[in-house]
Amino acid sequence: MILQVLSALLITGGIFFLTCSAVGAIRLPDFYTRAHALGMTDTLGTLLVLLGLALPLGFSLESGKLLLLAVFIFIAAPTACHIFVRAAFRSGLKPWTRETKDPSHD
Amino acid sequence: MIEILNIVLLVLILASAVAAVTVPDLVSAAFVLGAFSFFCAILWALLGAADVSFTEAVVGAGVSTLFFFLALAQTQASAKNPSFSYRPLLAAFLCAAGAGLFCLMSAGLPMFGDPNSPPNSYLSGDYLRNTLKQTLTPNAVTAIIVDYRAFDTLIETAVIFSAAVACLLIMRMNHDKTA
Amino acid sequence: MTFLHLAALAAILALFPVFLYRAAKGPTIFDRLIGLNGIASKSILLLVLIGAVTGHTGMFIDLSLGYGLLNLVGALAIGKYLESKGARAR
Numbered sequence: 003m004i005l006q007v008l009s010a011l012l013i014t015g016g017i018f019f020l021t022c023s024a025v026g027a028i029r030l031p032d033f034y035t036r037a038h039a040l041g042m043t044d045t046l047g048t049l050l051v052l053l054g055l056a057l058p059l060g061f062s063l064e065s066g067k068l069l070l071l072a073v074f075i076f077i078a079a080p081t082a083c084h085i086f087v088r089a090a091f092r093s094g095l096k097p098w099t100r101e102t103k104d105p106s107h108d
Numbered sequence: 045m046i047e048i049l050n051i052v053l054l055v056l057i058l059a060s061a062v063a064a065v066t067v068p069d070l071v072s073a074a075f076v077l078g079a080f081s082f083f084c085a086i087l088w089a090l091l092g093a094a095d096v097s098f099t100e101a102v103v104g105a106g107v108s109t110l111f112f113f114l115a116l117a118q119t120q121a122s123a124k125n126p127s128f129s130y131r132p133l134l135a136a137f138l139c140a141a142g143a144g145l146f147c148l149m150s151a152g153l154p155m156f157g158d159p160n161s162p163p164n165s166y167l168s169g170d171y172l173r174n175t176l177k178q179t180l181t182p183n184a185v186t187a188i189i190v191d192y193r194a195f196d197t198l199i200e201t202a203v204i205f206s207a208a209v210a211c212l213l214i215m216r217m218n219h220d221k222t223a
Numbered sequence: 036m037t038f039l040h041l042a043a044l045a046a047i048l049a050l051f052p053v054f055l056y057r058a059a060k061g062p063t064i065f066d067r068l069i070g071l072n073g074i075a076s077k078s079i080l081l082l083v084l085i086g087a088v089t090g091h092t093g094m095f096i097d098l099s100l101g102y103g104l105l106n107l108v109g110a111l112a113i114g115k116y117l118e119s120k121g122a123r124a125r
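So the sequences go chain by chain: G, U and D. 107 is the number that the working numbering gives to position 105 of the first sequence; each next residue is one higher, with no gaps. 216 is the number that the working numbering gives to position 172 of the second sequence; each next residue is one higher, with no gaps. 121 is the number that the working numbering gives to position 86 of the third sequence; each next residue is one higher, with no gaps.
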């Protein structure tokens, strides 16, 4: 019972963070801020949902695979985000400021 | 419940297909096509066809997006999606002719679902009856590919892998020679 | 529990159009990449949740592991290319 409630809490929190990342992806003004929103909140939300799904399964092959997936995403998603941002910075994309006249704001 | 999921996924597939045709430049069309392939892959997974789903994700969403993107990055000056009202009549005529030819040729095939046609009369029924019992795989095609013909699929995968490695090695050699 | 899984499934499905919009609209090429990356990571979660709802957990978790690997490889390839070429931001 405790495990079920904990898993429900984790999944709800994960969905909350994923929604935050989607809002950030659509509302923030330029690429760097969007990458910031996506790189962190997305990873955290995915991790929380995966843990919430793994918790009620106990010690089994499936929960082990879910934990493996969680560890992999914990490493891979920030790496991908970092690569995008570094590529953008090195190819000369200027960060948005309040004074930017022609921002990439949609 | 799964039907609703199917419908939502189909709507997403349709929306991304329409978006890929209507976006103004080709690079974003390539990325939207990647999204289209992801939705397709989820739909195949939902239908129980794990191998098709995985192939769709690898080829459709991964490799072909990368290839489109690399090709467009070389030819970016002239890469614009043609405007939406532009319809070459010749292409439409050729498409219609090809479709007509296919319809004409398919008249010689047995009717769809005909129980007396040669493939249906002795092999398919056997597979359909015994697949779930023998392999515990819900999709019969997947069961045939990865259960009954597992070694075939394994060696095919090995062939594709060695081809990819050979391509990479050849490209690497050229790169080192010129650079 | 299944109700919670269904609700999570619906919420994640509702997030897809946002990232699709970002992939189609995104003013620079990097915005499109991020939109596609968001769709990919959401589809990993969606597959795991579909597995939890339908009961075929093992198969869907294997699939989503594969998708995760593929996602990282694609991101690395495109990111490295963009970094070495210096994309014209547009």
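The C-beta atom is built at its ideal place from N, Cα and C for all residues, glycine as well. Source: prediction; values computed, not measured.
Cβ contact annotation for residue 86/G (same chain, cutoff 7 Å, sequence separation greater than five): 37, in chain order.
Within 9 Å of the CB of residue 93/D, no CB atom of chain U is found; the nearest one sits about 10 Å away. Neighbours of residue 59/D in chain U, taken as residues at a C-beta separation under 7 Å, are given in chain order as 63, 67, 72 and 76. Within chain D, no C-beta atom comes less than 7 Å from the C-beta of residue 35/G; the nearest is roughly 11 Å away.
Here residue 65/U is exposed: its Cβ has fewer than 16 other Cβ atoms, across all protein chains shown, within 10 Å. Spanning the alpha carbons of residue 96/G and residue 72/U requires a straight line of approximately 21 Å. Around residue 98/D, the beta-carbon contacts reaching into chain U at under 9 Å are 85, 89, 94, 97, 98 and 101. The Cβ-Cβ distance between residue 65/D and residue 83/D does not fall below 8 Å. Here residue 93/U is near residue 186/U, since their CB atoms are less than 8 Å apart. With contacts defined by Cβ atoms closer than 8 Å, residue 78/U and residue 115/U do not form a contacting pair. Taking the beta carbon of residue 51/D as reference, the chain U residues within 7 Å of it are 56, listed in sequence order. The C-beta distance from residue 73/D to residue 90/G rounds to 16 Å, too long to meet the 8 Å contact threshold.
Identification of residues in the segment 4-32 of chain G having a C-beta nearer than 9 Å to some C-beta of chain D yields 6, 9, 10, 13, 14, 16, 17, 20, 21, 23, 24, 25, 27, 28 and 32, given in sequence order. Residue 57/G places its beta carbon less than 8 Å from that of residue 12/G. The continuous alpha helix (DSSP H) containing residue 57/D extends over residues 37-60. Counting every other CB atom within 10 Å of its CB across the protein chains shown gives residue 135/U a total below 16, marking it as exposed.
In the three-state reduction of the DSSP assignment, residue 95/U falls in the helix class. Burial of residue 76/D is indicated by the presence of at least 16 other C-beta atoms within 10 angstroms of its C-beta.
For a cut-off of 8 Å, the C-beta gap from residue 59/U to residue 55/D is around 7 Å, short enough to register as a contact. Counting only Cβ-Cβ distances below 7 Å, residue 48/D has contacts in chain U at 52, in chain order. In chain order, 81, 82 and 85 make up the part of chain G whose C-beta sits under 9 Å from the C-beta of residue 111/D.
Apart from the 5 residues on each side of it in sequence, residue 153/U has no Cβ closer than 7 Å to any other Cβ in its chain.
Here the C-alpha atom of residue 25/G lies approximately 39 Å from the C-alpha atom of residue 181/U. With respect to the 8 Å criterion, residue 76/U and residue 59/D are classified as neighbours on the basis of their beta carbons. Taking all protein chains shown into account, residue 64/G has 16 or more neighbouring C-beta atoms within 10 Å of its C-beta and is therefore buried. For residue 174/U, the enclosing alpha helix (DSSP H) covers residues 169-179. Under a 10 Å Cβ-count criterion, residue 102/D is classified as buried, with 16 or more other Cβ atoms of the shown protein chains found around its own Cβ.
Residue 99/D sits buried, since 16 or more C-beta atoms from the chains shown fall within 10 Å of its C-beta. For residue 66/D, the enclosing alpha helix (DSSP H) covers residues 64-89. Residue 78/D has a beta carbon lying at 8 Å or more from every beta carbon in chain G. Taking a C-beta distance under 8 Å as the contact criterion, residue 95/U and residue 189/U qualify as a contact pair. At a C-beta separation below 7 Å, residue 57/G has no neighbours in chain D, since its nearest C-beta there lies roughly 11 Å away.
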